[in-house]
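Chemist:
Number of protein chains: 4
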Amino acid sequence: MLARIKELALRYEEDTINMRRDIHKYAETAWTEYRTASMAAKGLAESGYQVFAGCEVIDEEAMMGVPDAPELKSHEERAVAQGADPLWLEKMTGGKTGVMGVMDFGKPGPTVALRFDMDANDLAEAEDENHRPYNAGFASVNKGAMHGCGHDGHIAIGLTVAKILALLKEDLAGKVKLIFQPAEEGVRGAKAMMVKGIVDDVDYMLGLHLGTSLRRLGQISCDAGGFLATTKLDANFTGKPSHAGLAPEIGKNALLAAATALLNLHAIARHGQGASRINVGIMQGGTGRNVIPANAVLKLETRGASSKINDDMHQKAVRIIKGAALMHDVQISLKQMGSAASADSDSALGEQARGIAEELGLFDEFVSREDLGGSEDMAYFMSRVQENGGQAAYAIIGTELAAGHHESRFDFDEAVLCRAVAYAAGVTAKLLTEKD
Amino acid sequence: MLARIKELALRYEEDTINMRRDIHKYAETAWTEYRTASMAAKGLAESGYQVFAGCEVIDEEAMMGVPDAPELKSHEERAVAQGADPLWLEKMTGGKTGVMGVMDFGKPGPTVALRFDMDANDLAEAEDENHRPYNAGFASVNKGAMHGCGHDGHIAIGLTVAKILALLKEDLAGKVKLIFQPAEEGVRGAKAMMVKGIVDDVDYMLGLHLGTSLRRLGQISCDAGGFLATTKLDANFTGKPSHAGLAPEIGKNALLAAATALLNLHAIARHGQGASRINVGIMQGGTGRNVIPANAVLKLETRGASSKINDDMHQKAVRIIKGAALMHDVQISLKQMGSAASADSDSALGEQARGIAEELGLFDEFVSREDLGGSEDMAYFMSRVQENGGQAAYAIIGTELAAGHHESRFDFDEAVLCRAVAYAAGVTAKLLTEKD
Amino acid sequence: MLARIKELALRYEEDTINMRRDIHKYAETAWTEYRTASMAAKGLAESGYQVFAGCEVIDEEAMMGVPDAPELKSHEERAVAQGADPLWLEKMTGGKTGVMGVMDFGKPGPTVALRFDMDANDLAEAEDENHRPYNAGFASVNKGAMHGCGHDGHIAIGLTVAKILALLKEDLAGKVKLIFQPAEEGVRGAKAMMVKGIVDDVDYMLGLHLGTSLRRLGQISCDAGGFLATTKLDANFTGKPSHAGLAPEIGKNALLAAATALLNLHAIARHGQGASRINVGIMQGGTGRNVIPANAVLKLETRGASSKINDDMHQKAVRIIKGAALMHDVQISLKQMGSAASADSDSALGEQARGIAEELGLFDEFVSREDLGGSEDMAYFMSRVQENGGQAAYAIIGTELAAGHHESRFDFDEAVLCRAVAYAAGVTAKLLTEKD
Amino acid sequence: MLARIKELALRYEEDTINMRRDIHKYAETAWTEYRTASMAAKGLAESGYQVFAGCEVIDEEAMMGVPDAPELKSHEERAVAQGADPLWLEKMTGGKTGVMGVMDFGKPGPTVALRFDMDANDLAEAEDENHRPYNAGFASVNKGAMHGCGHDGHIAIGLTVAKILALLKEDLAGKVKLIFQPAEEGVRGAKAMMVKGIVDDVDYMLGLHLGTSLRRLGQISCDAGGFLATTKLDANFTGKPSHAGLAPEIGKNALLAAATALLNLHAIARHGQGASRINVGIMQGGTGRNVIPANAVLKLETRGASSKINDDMHQKAVRIIKGAALMHDVQISLKQMGSAASADSDSALGEQARGIAEELGLFDEFVSREDLGGSEDMAYFMSRVQENGGQAAYAIIGTELAAGHHESRFDFDEAVLCRAVAYAAGVTAKLLTEKD
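This is the structure in structure tokens:
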């Protein structure tokens with residue numbers, strides 16, 4: 001079966017690349033992946049999957065960091081103009097741009113889920129002859145949005161895997177769920193799909209990422225981990241303005257509160273149980289030089305080697321922000337803009353996946369337990385499956401990069417797509433043919 | 001002579017009001033008063049004054065808080081489109097929008113200077129039927145610029161005073177200098193005209209403001225003072241970005257430096273010799289939640305009851321900002337965006353002016369030594385004249401206001417214009433007829 | 001009568017000086033003036049006054065900044081060893097070292113109160129041949145306590161005034177109250193006597209101070225004022241220790257809270273209505289370099305040109321301290337260690353007193369409304385009397401000083417004592433002979 | 001040979017215990033181990049070692065955190081009174097309380113060094129019948145000094161090991177160096193001995209500690225590691241006092257500088273390469289509530305999982321402290337009070353030592369690579385030997401504890417001493433009999 005999968009992956013290689021380029025060209029950022037998601041839905045439907053979308057796969061309450069309504073609306077309209085199918089969009093209104101294709105193979109067997117993330121970055125793509133997407137004509141036409149993290153590739157891989165599994169369906173048992181998730185950037189989207197319950201019945205959860213620390217074609221880590229748990233917060237301070245010369249004493253200084261919070265947030269004690277992180281990435285406040293500043297915002301994130309450490313950081317951060325507001329008698333409003341749990345691949349499943357990868361003969365270096373180093377909201381799917389007694393494995397698939405992730409010249413070697421397709425389809429097919 | 005002046009002020013009342021409305025409609029902010037200044041130049045020339053403009057009255061080095069070149073250019077073009085005389089504009093290129101009209105009366109006598117400020121505020125004017133400029137059709141057509149501090153009135157007063165003094169020239173001795181100053185908001189413009197030397201020969205320096213703390217028609221203070229010395233600073237911190245999860249230690253955190261500076265700036269010790277002020281009105285920094293912030297800006301001001309106190313505050317502020325930058329190994333660039341000296345009216349001249357105001361019979365309440373409470377860069381002209389042995393007097397002329405200064409519904413009772421014209425022309429004429 | 005008073009002041013000059021030197025030698029600091037107060041009580045009783053002491057003149061609840069019981073006890077024992085009368089001490093247990101002598105002259109007339117403060121400073125007296133108290137053998141024998149603010153002189157003046165008024169009693173009407181107050185340093189004592197009600201019936205309230213800004217014999221200001229209202233606070237933070245290497249995250253860092261409070265306290269906005277002050281004079285915390293610090297204390301004071309301004313500062317300070325404690329999840333305990341109101345002399349009474357001073361012929365320079373520049377808890381007595389419709393006047397009596405107040409070589413010209421006695425007795429006697 | 005060593009360890013068990021108790025009773029803290037060191041010197045000499053002491057084994061320049069001269073003097077006198085041999089003390093003047101015994105076995109072989117630390121803690125020992133040292137009469141008679149970290153045991157072990165190796169000398173080859181180091185607490189002493197060069201010729205470096213994380217008799221880790229590199233700093237800020245009411249502006253506020261430093265020190269970014277720590281354990285400053293504080297001290301430490309990380313923390317800390325001083329125009333004096341490198345045991349030597357421990361039959365649980373979790377200046381000896389191509393191994397030897405390290409009721413099971421003697425003598429003897 002692996003031989004056949006390898007052959008199909010090669011047969012569809014050009015399609016996969018074209019799909020990737022189409023998606024790259026119409027890059028859509030978090031919660032606005034209207035066109036992208038409608039393409040995924042269409043692809044899944046064409047391959048014979050039962051397709052769920054929008055509110056069917058997303059819990060609205062659990063969505064984080066969603067743009068405001070007018071912005072969503074304008075992106076929805078742009079998507080239609082760029083070829084999105086309005087029928088699918090109906091379900092996705094309000095940014096609910098998640099999609100899932102399900103195929104039941106009619107024989108007893110495990111449920112295997114694969115997750116692919118879909119959003120582009122808030123990034124202006126390089127306009128430069130040395131940047132292939134630009135000179136090959138598939139650079140983003142949506143200003144300020146660019147696929148700088150390879151999610152365009154992930155989607156294309158997912159849709160080709162869908163096609164291959166559908167072709168193999170006679171030989172497969174159990175059920176497969178192909179999950180296309182919005183808003184991975186800022187770790188905003190996975191939680192809302194997990195909370196909806198779509199992986200509650202899953203036995204094996206698979207995910208993958210191109211590049212990251214593996215920068216050579218042929219490298220693969222089948223059991224990556226070390227995802228840092230994280231929480232993203234916006235803190236808005238509201239004080240009272242007054243003239244800084246005439247009556248400074250009647251002002252309530254939001255910037256003083258915010259600056260005090262900023263300093264003390266960074267001063268949260270290191271954690272003895274493992275790595276922790278805190279960053280206030282953005283601070284803004286005030287309206288005029290001679291006015292006691294009555295507004296300020298902090299955009300921050302905490303991280304932890306474990307969800308427990310991150311929770312500790314998060315709680316301390318909230319306490320510090322509230323205390324700083326109290327000090328200067330200003331109002332405080334806190335909003336959670338994103339979050340991810342910590343997670344690691346299961347060794348057993350990782351081992352099994354590695355065996356399949358070896359058998360495929362497309363990889364020449366197998367890296368054990370490669371550490372992602374950052375955060376990934378795939379962790380929510382993994383944790384839920386693991387809590388229910390299932391297993392999860394996250395793969396990093398090596399490729400040369402033109403520039404680092406999230407940079408304006410980011411690009412990968414498209415030869416990786418075929419390898420990733422074979423790997424993902426191969427592992428899934430194997431899991432769905434084994435006696436459960 | 002005062003009777004004649006009063007009569008002329010009344011005769012030109014409608015002209016004065018119309019002039020004010022025209023200027024209000026084409027509001028121009030600091031250093032972009034191209035149309036306004038060209039109107040002033042034209043008016044002065046028509047009244048027979050020798051007119052100096054641009055680099056003739058402004059020292060380019062001493063200009064503070066000037067917009068960048070493209071912005072200046074676009075305002076210049078707008079001014080032409082709105083009727084500015086391109087000939088005058090030639091001299092004013094680069095924001096040098098100052099104008100001075102000089103008339104020598106050919107007989108021995110003192111030199112008297114009057115100063116009128118010309119700039120509008122960075123303010124969106126109210127669009128509301130209850131706001132007279134709006135319903136009477138003279139609201140600002142320049143978005144984001146509004147005469148919210150009465151400088152439109154000041155200019156109109158100045159040009160009518162010019163007309164009246166020209167009509168009286170047979171009876172006058174000495175010399176008069178009518179100074180139309182750009183960029184009073186943010187105290188950015190006076191210093192550059194003072195440094196140019198245009199008041200170095202002045203014996204009597206007069207200035208005025210409508211409203212401020214006197215909110216009733218008929219009130220006047222002829223010897224206002226208590227101007228706080230002030231310095232406006234922008235501090236730009238430049239650090240080094242890095243990924244907040246992977247390598248926070250290689251970042252150089254500009255926001256930490258700026259927040260530390262902000263706190264310590266406010267903590268500068270109070271001054272035992274008189275009032276001092278410090279305010280960081282605006283702080284901004286950072287580019288992304290998960291990036292160690294590599295840039296930050298503070299916009300601040302210091303003030304002091306005396307220039308000495310303000311200098312002490314200013315020096316301490318600079319030291320604190322530099323120390324905060326050093327702490328976090330970030331670069332710091334400081335730019336002075338405005339400044340004003342402390343100043344008080346001379347009692348003798350104030351007394352004399354009050355006598356004239358009483359004689360005019362247009363005022364019913366004389367307030368002694370009213371305190372401006374804020375800063376005014378007129379102080380530079382006053383100080384220079386006083387240092388040279390001359391005298392200065394600053395008048396506040398009462399009027400009801402529709403809303404406070406710098407508010408989007410600001411408006412004054414136009415009946416004050418005629419009174420102010422009579423007062424300013426009256427005092428000047430009296431000084432120019434006395435034996436010196 | 002003034003002539004007789006002047007003559008008596010001279011007759012008792014040597015006694016006054018000896019009294020001053022005796023008190024200087026046995027210097028006692030705030031709330032431990034056991035020997036000093038018993039001497040005052042004895043002197044008043046010998047002159048025929050009805051003497052009230054301890055709980056009769058002090059409200060225990062309103063005492064601020066009282067040393068702890070063992071320290072009080074040891075000072076009490078020292079006082080007995082140094083000659084204090086144990087009978088008087090019985091009433092004063094617990095630091096209630098206030099004394100008041102009352103004499104009713106049996107004829108209708110006003111009630112006049114004089115206040116003298118009694119405490120020494122926490123100061124090690126200079127041991128140096130150039131320091132007169134040392135070479136003349138009356139330097140403090142109580143280590144760490146020194147009369148460095150002239151209160152030794154004040155007491156001696158008070159007791160001689162008591163003698164003189166008693167000798168004049170046939171000629172006087174109304175009632176006199178001679179108040180000997182403990183704990184003026186740190187403004188801790190007056191409030192407790194005021195709250196007890198001892199000046200509730202007073203028509204004229206008089207106080208005095210030697211030196212301060214008047215540094216020449218012959219100078220006097222009879223209507224001093226500008227006392228800054230003030231509040232003295234101790235803030236104790238209690239967190240939780242933990243090993244800084246092994247488990248920093250379980251500590252609750254009291255020093256971080258205290259340092260944050262300190263910075264923000266100094267950053268309280270200046271007050272537009274008049275002078276304000278804030279100082280954290282002492283900060284201490286922590287037990288070991290490698291232990292998360294679990295304790296910290298701040299000793300601070302606020303001041304204001306008016307009680308209203310000081311109240312505003314005080315409230316903001318409390319809020320900041322509480323917010324800082326909340327930020328780091330540490331407990332906070334606040335204790336008021338002293339306070340004084342703002343106060344000014346009444347012009348009418350000051351004028352009258354000045355007339356008497358002139359008539360005495362002992363002064364050659366009369367300074368009007370000299371500003372004390374600091375705080376004095378005499379303000380509580382003055383405010384209470386003024387609230388009840390009475391008048392108050394505070395005199396500063398000039399003398400050369402060997403060194404500034406609160407310095408280890410402080411000393412004054414003892415010739416000032418006789419002048420001060422004549423002034424205080426003279427003004428009092430005059431008030432008690434006038435038709436009320 | 002191991003059997004004989006085991007037998008000797010048992011034979012001397014009572015002596016070892018008595019030695020430990022004697023040292024416990026006369027506890028001496030860092031750099032004042034005059035009596036302790038003279039006992040060690042005497043013991044080594046009696047066993048036939050060549051003894052080096054004081055300046056022969058310590059580089060004076062490299063001593064850190066040494067008490068001042070009067071304190072050293074008084075401890076030296078106390079040591080003599082408590083039985084120290086004055087002859088040895090001569091060499092140790094100025095706190096140079098290190099000792100080394102060397103025995104050359106006259107046959108070619110490796111050089112093996114063992115290090116034992118000698119100092120007690122700044123700790124008041126519990127006076128309580130449940131505390132064995134107290135009820136058995138060997139509690140510390142030196143107030144404020146207590147062996148709360150087991151170094152008393154270490155010394156006793158070292159001297160018995162010395163005896164045993166001397167008895168076995170016929171069978172040994174190479175050279176042994178027994179190092180008795182002062183001032184391990186605060187990591188102040190090892191560097192000065194290392195810099196002196198005493199381990200420059202060493203092939204195998206051995207060290208041990210009782211207890212720490214192994215809390216059961218029978219446990220041992222022969223290859224402990226994970227020592228955190230650390231630096232201990234004192235920062236003294238010196239400003240300028242002034243009266244907080246009259247002239248706050250002329251003060252230079254050392255507490256503001258120190259508090260700013262404290263906050264920013266804790267805010268140093270976490271390190272992406274491994275654990276880092278920062279703690280300001282103590283902060284003190286100011287002299288009076290109403291005086292701008294002119295002095296402040298911070299006592300702090302940095303740590304890092306590697307020396308490189310600690311160096312980064314240390315450099316950033318110094319920069320922050322200097323910047324904070326600059327901000328408030330105060331002087332700063334920094335003093336390094338202690339430091340340690342990071343270190344790990346060599347696997348090969350650890351393995352070998354474990355084999356010997358197993359063979360001895362005195363241990364029943366072998367813990368691999370136990371992490372010390374804190375800092376140990378033994379790391380300096382280990383690093384130097386490793387840099388020179390030698391090997392190092394640090395053992396943790398398990399024992400029940402009455403209370404944790406550095407607590408006033410700390411005590412260990414003395415049965416561990418005999419086991420530790422056998423282990424240390426056994427490993428050393430084996431290394432000295434092997435063909436090199």
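Residue numbers (our numbering), protein chains in the order written: chain G, 1 to 436; chain A, 1 to 436; chain R, 1 to 436; chain W, 1 to 436. Glycine included, every Cβ here is placed at the ideal spot set by N, Cα and C.
1. Taking just the CA atoms, how far does A/V66 sit from A/A353?
2. Assess contact between the segment 213-227 of chain A and the segment 389-408 of chain A, defined as three or more Cβ pairs (one per stretch) separated by less than 8 Å. Is contact present?
3. Against chain W, does A/R270 count as a neighbour if the rule is that its beta carbon must be under 7 Å from one of theirs?
4. For G/R277, return the contacting residues in chain W, with the cut-off set at a CB-CB distance below 7 Å.
5. Rounded to a whole number of angstroms, what is the C-alpha to C-alpha distance between R/R409 and W/V291?
6. Closest to W/G144 by CA distance: which of W/K25, W/L431 and W/K175 is it?
7. Give the interface partners of W/A79 over in chain G, defined as CB-CB distance under 9 Å, in chain order.
8. If A/A62 sits next to A/A192, beta carbons under 8 Å apart, how far is it from one beta carbon to the other, in whole angstroms?
9. For a test of the three-state rule: what should DSSP assign to G/F381, helix, strand or coil?
10. For R/I320, decide whether its Cβ has a neighbour in chain G, counting only Cβ atoms nearer than 7 Å.
11. Let me make sure I understand the geometry here. Which of W/V176, W/E170 and W/D59 has the alpha-carbon closest to that of W/A162?
12. Pull the bridge partners of G/Y204 from the DSSP assignment, please.
13. What residues in its chain sit with their C-beta under 8 Å from that of G/R216, if we drop five residues either side in the sequence?
14. Taking the CB atoms as reference points, tell me whether A/A27 and A/H147 lie closer together than 7 Å.
15. Count the other CB atoms within 10 Å of the CB of W/V427; is the residue buried (16 or more) or exposed (fewer)?
16. Does A/H266 come within less than 7 Å of chain R when only Cβ atoms are used?
17. Just the Cα atoms here: how many angstroms apart are A/I58 and A/E14?
18. Determine the direct distance from the alpha carbon of R/E7 to that of R/E170, and round the result to whole angstroms.
19. Taking 7 Å as the threshold (beta carbon to beta carbon), is A/L263 in contact with chain R?
20. For R/N18, does the three-state DSSP call read helix, strand or coil?
21. Does G/N142 pass the burial test, meaning 16 or more other C-beta atoms within 10 Å, or should it be called exposed?
22. I'd like to know if A/E301 contacts chain W, where contact means its C-beta is closer than 7 Å to some C-beta of that chain.
23. Considering only their Cβ atoms, is the gap separating W/A113 from W/V199 smaller than 7 Å?
24. What's the call for G/N253, buried or exposed, on a 16-neighbour Cβ count within 10 Å?
25. Threshold first: 3 residues or longer. Then list the beta strand (DSSP E) segments lying entirely within the segment 138-210 of chain A, N to C.
Modeler: Quick look at the numbers:
1. 35 Å
2. yes
3. yes
4. R270
5. In this model, R/R409 and W/V291 are separated by some 18 Å (Cα to Cα).
6. W/K25
7. Those within 9 Å of W/A79 in chain G number zero; the least Cβ separation is about 39 Å.
8. 4 Å
9. Looking at G/F381 - three-state DSSP - the assignment turns out to be helix.
10. yes
11. W/V176
12. G/V112 and G/Q391
13. E365, G398, T399 and E400
14. At a Cβ-Cβ threshold of 7 Å, A/A27 and A/H147 count as neighbours.
15. buried
16. yes
17. 32 Å
18. 18 Å
19. yes
20. helix
21. buried
22. no
23. yes
24. Result: buried.
25. Within the segment 138-210 of chain A, the complete beta strand (DSSP E) runs of at least 3 residues are 175-181 and 204-210.
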